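Heads up: the sequence shown begins at 0 in numbering that gives the first Met the number 0, then just goes up one per residue.
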Amino acid sequence: MYLMRQIIPAIIATWSFGLKAAEAGMSILRAGGSALDAVEEAVKVVENDLTIRSVGLGGYPNMLGEVELDASIMDGSTLRAGAVAAVKNVKNPISLARKVMELTPHIMLAGDGAYMFARILGLEYRMPLQPEAEKAWKEYIERIMHSRPRKGTLDFWAKYLHERRTHDTIGVVAIDEGGNIAAGCSTSGLAFKMPGRVGDSPIIGSGIYADNLAGGASATGLGENIMRFCITRMVVEYMHRGLSAQEAADTVMKSILKRDENAKYIAVIALDVKGRPGASTTYDTFEYAFMTANMDKPELRLTYGLR
Ligand code: ASP
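Below you can see the structure in the form of C-alpha cells.
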C-alpha cells in the first residue's frame with residue numbers, strides 16, 4: 000500500500016513497553032496523521048499504564064514519596080520543542096510538554112509552574128502512590144536509615160539503581176509519510192531520587208532531538224551520564240553529516256566510551272530521514288521496538304552493549 004510512496008512511515012520506541020507505544024503511534028501514522036501526533040499518542044499509552052514503575056503516575060516516587068515526572072517533545076519540521084520537569088499530579092506529562100510548546104513562548108516549565116499550567120489546562124490528575132511503588136519506597140527508606148552513611152557518588156547510585164532496574168524512559172521517534180520527524184519521551188526518573196532532581200528526558204538535545212533535515216533520537220538510561228554528552232543532539236548531528244541512524248548511534252556511543260569508559264547504563268534510539276532505525280548502548284543489552292507501515296506488528300529488537 001505504501002510501496003509507491005517515497006517515505007514509509009516508521010516508528011521506534013525504547014524498551015519492551017515500546018511495543019505497545021509503537022503500535023499506538025503507527026495507527027496514527029497509517030491514518031495519515033503527523034509524526035508529532037504519533038509520538039504523543041505512543042508515549043501516552045505507556046504513561047497511562049499504572050503497572051509500569053518508571054513512567055507516569057505509576058512510577059516510583061522520589062525520596063519524599065512523591066512521583067515527579069519529566070517529559071519532552073520536539074517537532075523536527077519547525078525545531079520547536081516543549082518540556083516539563085519535576086512536575087507532580089499530571090497523568091500525561093507528554094501532553095503538557097506539547098502544550099508548553101504550542102501555547103507558551105517557552106520551552107520548559109518546571110515544578111510548581113508546570114503544575115499550575117496543567118491546572119489551567121485541566122490536565123491535573125491526582126492519584127495515590129501505587130501500592131507496589133509505595134512498598135518499595137518504604138523498604139528503601141528503611142534500608143538507608145539503617146545503613147552506614149555512604150558517599151553519594153554517581154557510580155554508587157548507578158550500580159544500585161541498575162541492579163534493581165528502577166528506572167527507564169519511554170522514548171519515541173517517528174517519521175510520517177510527509178517526511179516529518181518528531182521525538183518525545185517521558186519518565187518518572189530515578190527511583191527515590193532527591194526531590195527536584197531532573198534527568199536528561201526534558202532536556203532538549205539530551206533526552207530527545209528531532210530535525211526533518213537529519214533525523215531524530217531519544218535517549219534512556221542514567222540521565223547524569225546522558226546529559227554530560229548531549230547524546231541525542233550528537234546523534235542527529237552525525238545523521239546530518241550523512242551517517243545512517245545506526246552508524247550515528249554507534250559513533251556517538253563509541254566516542255562517549257572513549258572519553259569516559261565509566262559512562263555506563265545509557266542507550267539511544269534513532270531514525271534517519273529514510274526511516275531507518277538505529278540503536279546503541281553501553282548497557283550489556285538493550286531492547287527496543289521498531290515498526291514501519293509495511294509491518295503487521297512491531298518487532299522487539301535486541302542490541303548488545305559496546306565495549
Ligand atoms: N533517563 C532517565 C532519567 O535519568 C531514566 C532512564 O531512562 O532510565 O531520568
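Just so you know, even glycine gets a beta-carbon here, dropped at the ideal spot from N, CA and C.
Since this is a predicted model, take the numbers as computed values, not measurements.
Go ahead and pull the three-state DSSP assignment for residue i.
i	result
threonine 291	strand
glycine 304	coil
methionine 3	Residue placement at methionine 3 is flagged as unreliable, the pLDDT there being 49, under the threshold of 50; a coordinate-derived value is accordingly withheld.
serine 254	helix
threonine 103	coil
arginine 118	helix
glutamate 138	helix
threonine 284	strand
serine 71	strand
arginine 307	Because the chain here runs from 0 to 306, residue 307 falls outside it and cannot be looked at.
glycine 222	helix
serine 15	coil
aspartate 48	coil
arginine 79	strand
tyrosine 237	helix
glycine 55	helix
glycine 170	strand
Name the residue from the options whose alpha carbon lies nearest to the alpha carbon of residue i.
i	options	result
isoleucine 180	Phe16, Ala216, Ser200	Ala216
alanine 21	Gly75, Ser279, Gly304, Ile268	Ile268
arginine 196	Lys43, Glu65, Leu49	Glu65
proline 92	Gly75, Arg79, Leu120, Asp74	Leu120
glycine 220	Leu78, Arg240, Thr281, Val172	Thr281
glycine 58	Gln5, Lys134, Ala117	Lys134
aspartate 210	Val272, Leu102, Leu242	Val272
arginine 251	Gly241, Val54, Asp259, Ile230	Here residue 251 turns out to be valine, not arginine, going by the sequence shown. When only C-alpha atoms are compared, the closest one is Ile230.
tyrosine 114	Asp175, Leu95, Ser200, Gly183	Leu95
threonine 165	Ser187, Glu123, Leu56	Ser187
glycine 315	Glu260, Asp295, Arg52, Gly110	As shown, the chain starts at 0 and ends at 306. That puts residue 315 outside it, with no answer to give.
isoleucine 106	Ile203, Ile6, Glu246, Asp48	Ile203
glycine 17	Phe289, Met294, Asn293, Asp295	Phe289
Counting only C-beta atoms, is residue i closer than 8 angstroms to chain D at any point?
i	result
valine 234	Structure shown: chain D not included; a single protein chain is present.
Report yes if the CB atom of residue i is closer than 8 angstroms to the CB atom of residue j, and no otherwise.
i	j	result
alanine 262	leucine 256	yes
threonine 13	tyrosine 237	no
alanine 173	leucine 28	yes
alanine 9	leucine 301	no
alanine 84	proline 201	yes
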